[in-house]
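Protein chains in written order, with this note's numbering: chain A, 590 to 998; chain B, 253 to 925.
A virtual CB, placed ideally from N, CA and C, is assigned to each residue, including glycine.
Here's the structure, in structure tokens; my notes come after.
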Amino acid sequence: MQINYKLQDRFDFVLFFSGIALIIFGLAAIYSSTVNHPTASGNFQRQILFAAASVVILFVAYALPAQTFKMFTLPTYGLSLFFLVAVLLVGKTVYGAKSWFGIGGFGFQPSEFAKFATILMLANWLTYKNRDINNFIDLTIALAIGFIPILLILLEPDMGTAIVFSIVVLALVFWSGINLFGIFVVLSPAVVVFASLFGVYPFIAVLLLIIAALLFFRKDLFNSITVFVINLSAGFFFDYLFKILKPHQQKRIESFLDPSADPLGSGYNALQAKVAIGSGGLFGKGFLEGSQTQLRFIPQQWTDFIYCVIGEEFGFIGSIVVVILFMIIFLRLLDIATKAKDKFSSLVIVGFLAMLFSHFAINVGMNLGITPVVGLPLPFLSYGGSSLLVNMLMLGVVLNIYKNRKLHT
Amino acid sequence: MINSRALFLTGILLIVFVTLVAKLFTIQIAKNEYYSLLAEKQQNKPVVVRAERGLIKGLNGEVLSFTRDYISFFVDTRMMNAKRVDSIAALFSKVFNKPKFFYKKMIDEGVNNVCIEKKAPMEKAIELKKIVIEGMFYQEDFSRVYPYGSLASHVIGYVNKDIVGVEGIEKKYNKELTGTDGYFVFERDVLGRIVSVNEKLSSPTVSGNQIILTINKSYQKILEEELSAGLKKYGGESAVGIIMNPNTGEILALANSPDFDPANYQLFSAEARRNRALTDTYEPGSTIKSIVLAIMLEKNLIKEDEVIDTEMGNYIYKNVKISDSHPFASLTVREALEQSSNVGMTKLSFRLNDDILYKYLRDFGFSNATQIDLPSEAEGLLKKPDRFSGLTKAFMSFGYELSVTPLQIISAYSALVNGGTLHQPYIVSSVVSNTGNILLENKPKKIRTVISKSTSDKIKDFMVGVVEQGTGTAAQLEDVIAGGKTGTSQRLMNNSYSSSHHNSSFVGFFPADHPKIVAFILVNAPQIGKYGGLVAAPIFQKVSKRMIEADLNLVPSKKKIHRKENFVEQLIADLKTAPKKTTRSYLNVGEKNENDQPRKFFNGNRTTMPNLMNKSIRDVVAQLNELGLKYKVSGTGKVVWQSIEPGANIYQDSICIIKCDSSIKKATTNSNL
């Protein structure tokens, strides 16, 4: 047990400063998009407070003993489920989704906290001895741990967060060593659901494909039929779910599938974001000079569409720098995940990576018009305290794991 | 196991990374121009509402120039597809009754932005404005409208396509006429609809101010019509006319012929658009004589009836021949003006000190811009005394070796006849804001008193003589006594005076006792009748006559003037009663002299010979001219013999031989001779 580590060995500066750099980019973009705004001009100062608080939380998480998080997984998960239920009962409806607690002047999003809790819970459960992810029952339980919060979040309804959760659960299951058939079982319902969006014939075609795949895997009849029934019911369940979606969410999904269907509706933001980024050019229009931003073409730009402020004002160069910073974080996370001293730590990092990455990919994707507009913030950059605090907490946990990666318990 | 899965995840990361970078490159670099264009097109840039340009009105409120709000439609061909072109063509062909292919062709062949319908009237465009087709947009396109066409075109001027004044009042008062464009910043909702106007950042549209001119529209119309009629009748290159109130300096009318249409100014030559009344200088010729005589009267250098030897109209001074067009052996000072004798003026000019002549001509405003509120005024030229040659003063006394603008001449004449005060001429009466506040009101501005009241009265009386019995008889008015002075100057062409190109001018005023109107007429290079008295004076007469008819207040109590025709009788009477009288009286009917003969007694081709005995040659010539009788004169002085006896029948072909003798002054009348 060596005590005299170099500081670089105990603290991943690249990871930390990449995060800080993204926060600074975010602050600049928030300032630019709100400085002339009649109602949101206080957001910049508030975000600075959040940023400061989040750095404190990061160091707290970094300083805590290694086992702390594992110890608190179950209560944290329980608490987060409680919040998710409570928010459905007493929450505040923002943009058609009941996903907020109003506490004083600040809002709190339990789904952000639930991401953290679910990752810990799932990682913890998957690392118990004798867990076999390729065992049908274990897999089902693992998926259930993930899908309970997903269901609650879908009830809010918050489509974007539910998608992120699904990706996180998939990533954790994948990382814990699922085999090809397992992946097929987990992924095939998603394919069926997606196909069902396009109508009856694609739905039937995909079901036929699944039958063919089941024949290929040559599993026993019971397993095969079970998987097929799961797929079939997933299709119908989703159809039912789609009908209970709020109209604005149905519109979003429809307008993604056919963007020209409603150009002034939910496609408006996507188009305006694209115009903002596109008009930025190579070097951008300059800080505070972005006309799309300054003329407030994109409503609530400082949240989900913060990336197009950077695209417009800092141009291609700025946009690429942000993407590269994210990539550095992702690759560092993956690196630390492979070097972590135990499976739990590794799974936690991959869960966090999946969460960050899905936010990033979907958010930047919707700014560029390649994914649907599903109300997801861009980690570290978007305005919003809950998201920033949770992300920095997770980063602190990762740094903690990094610090302890060579320690033996 | 973990490593292969990590590799798999790294692969996903890289795929996403490459995808995002490729997409970023596509929209930010490759399609940057397209998105920039889109951004520019749709952004709720503050809407600028262009302010309406102010009106230009005549003195009595006639709107001479206003702004109409037209709409021009444009199509951005880069944003067109077949469907859009079709619907645009269908829409416009329906509204404007033009074939569909007209629009299609225009859009298909156009590059970037194409104007498919320019300056459509608002009534037609109002429906089209509401239609939204991507790539089609419109712009409010103001047009300046001149309701009376070319009326007062040189005064009003014109504006360029950006509605900025280029000439005339439109230029000089461009700042006052231009309003403040409104600037509206809109709050929009998610769908881009305008929700409200941000009042803090917006400013309202303020229309331009109105300019009220001193121009009397009916005078202006009369002046323009008579100028162009005169130009037609006498030929000539151009004509200038100014009507002014001598007591205030207000320009009541100002016209140039040919004129132009300010709405389509680009179709006219710069020649036609030039306001010659103040941009062109010319040598004034005889019209300067009244001014020079007034200076001498003011300085007591001459007496009204002192006799000058006018050398039968031929006088060699310093090897230069000075000649008169109406030759006389001798003339009084008064007659020298009436007959416009260059010889007489030359001889009188010797009495005048160079400096005094210069000082007074400066005082009358020559070689100084009058500072009228119109652009591009010329200053003219006046030699300084130290640059006078031996001939300068003589030439200046009959209007050469100095150049003036028509406006300077009429201003100087106003001072001559109004009691001696030079006023600054002005053409803008007031500037009124669109809310009705008077921002500026021009009051008559006295520059200086040039001559005394008595000098003014006397020279006025001399000029009445010019019209009544001198070179300006063609300017006589029926209802009111007018005065004036003719002017004919050879034009300096290629450094020598042309004998075929003249400036024929006349400056007149009425009513003679208290002039209300001074009018200036100049015809450049008339082809028929080069003399001012034959070309410009008749135009003055027609203009004045029509003004009096049109404006009842100008000469309120019209009384027909009965003019004495028989000058001999008067002359005899003068001789009998000793020539004490310094001014002659012109009588209105009903006061006295009811038994006066009618003015014209030669009707048809039969009449009787008048008695010419004892009359001066000039009177005889004038009288015989009027009769249309041919004549031959020998000798100088007063008539001593006439070949046709008084009272005998004369015919148009008759020739009358007249003998004169200068010793007659001492002789008694012998009517039997």
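Gly749/A sits away from Gly954/A, with the two beta carbons spaced by 8 Å or more. Residues of the region 903-915 of chain A that bring their beta carbon within less than 8 Å of a beta carbon in chain B comprise Gly904, Phe905, Ser908, Ile909 and Val912, in sequence order.
For Ser935/A, the secondary structure class from DSSP, reduced to helix, strand or coil, is helix. When CB distances to chain B are screened at a threshold of 8 Å, the residues of the region 889-900 of chain A falling below it are Gly900, in chain order. Here Gln656/A is exposed, its C-beta having fewer than 16 other C-beta atoms within 10 Å. Looking at Ser685/B, Leu864/B, Gly781/B and Lys346/B, the one whose alpha-carbon comes closest to that of Lys309/B is Ser685/B. Those residues of the region 763-787 of chain A placed with their C-beta closer than 9 Å to a C-beta in chain B are Phe763, Trp764 and Gly766, ordered along the chain. C-alpha of Tyr678/B to C-alpha of Ile887/A: approximately 58 Å in a straight line. Cα atoms of Ala529/B and Asp328/B: separation of roughly 47 Å, rounded to the nearest angstrom.
Taking the CA atoms as reference points, Thr466/B sits about 15 Å from His675/B.
Just so you know, the alpha carbons of Val962/A and Ala859/A end up roughly 7 Å apart.
In the DSSP secondary-structure assignment, Glu502/B is bridged to Tyr678/B.
For Tyr749/B, there is no enclosing alpha helix (DSSP H); the residue is part of the beta strand (DSSP E) that begins and ends at Ser748 to Phe762. From the listed residues Val987/A, Phe702/A, Val795/A and Gly824/A, the smallest Cα separation to Phe672/A is found for Phe702/A. For Met748/A, the enclosing alpha helix (DSSP H) has its first and last residue at Met748 to Trp764. Within the region 958-971 of chain A, the residues whose Cβ lies closer than 9 Å to some Cβ of chain B are Gly958 and Ile959, listed in chain order. Tyr435/B is outside the set of residues whose beta carbon lies under 8 Å from a beta carbon in chain A. According to the DSSP assignment, Asn776/B belongs to the beta strand (DSSP E) that extends over Ile769 to Asn776. In the same chain as Ser509/B, and ignoring 5 residues on each side of it, the C-beta atoms closer than 6 Å to its own belong to Leu479, Ser480, Leu483 and Ala491, in chain order. Between Lys595/A and chain B, the shortest Cβ-Cβ separation is not below 8 Å. If you look at Ser490/B, you'll find it in the beta strand (DSSP E) that goes Ser490 to Met496.
Annotation: Cβ neighbours of Phe269/B in chain A (cutoff 8 Å, chain order): Val912 and Met916. Below the 7 Å Cβ cutoff, chain B contributes no neighbours of Ala731/A, its closest Cβ being approximately 16 Å away. Of all residues in the region 271-289 of chain B, the ones placed with a Cβ closer than 8 Å to any Cβ belonging to chain A are Thr271, Leu272, Val273, Lys275, Leu276, Phe277, Ile279, Gln280, Ile281, Lys283, Asn284, Tyr286, Tyr287 and Ser288, in chain order.
Only residues of its own chain outside the window of five on either side were considered, and among them Gln676 have a CB closer than 6 Å to the CB of Gln623/B, listed in chain order.
The C-beta distance from Val757/A to Lys704/A rounds to 7 Å, short enough to fall under 8 Å.
Remark: C-beta atoms of Gly651/B and Ser741/B approach each other more closely than 8 Å.
The alpha carbon of Asp615/B has as its nearest neighbour, out of Ser601/B, Ser704/B and Lys573/B, the alpha carbon of Ser704/B. A straight line joining the alpha-carbon of Gly631/A with that of Ile619/A spans about 10 Å. The C-alpha of Gln861/A is placed about 10 Å away from the C-alpha of Phe894/A.
Pairwise C-beta distances place the region 939-948 of chain A in contact with the region 978-990 of chain A, as three or more of them are shorter than 8 Å. Beyond the five residues adjoining it in sequence on each side, Tyr425/B comes within less than 6 Å, by CB distance, of Ile463 in the same chain, given in chain order. Residue pairing by DSSP places Ile613/A in no beta bridge whatsoever. Per DSSP, reduced to three states, the secondary structure at Arg720/A is coil, with no helix or strand assignment. Residue burial annotation: Val787/B is buried, with at least 16 other C-beta atoms found within 10 angstroms of its C-beta. Taking the CA atoms as reference points, Arg700/B sits about 11 Å from Tyr612/B.
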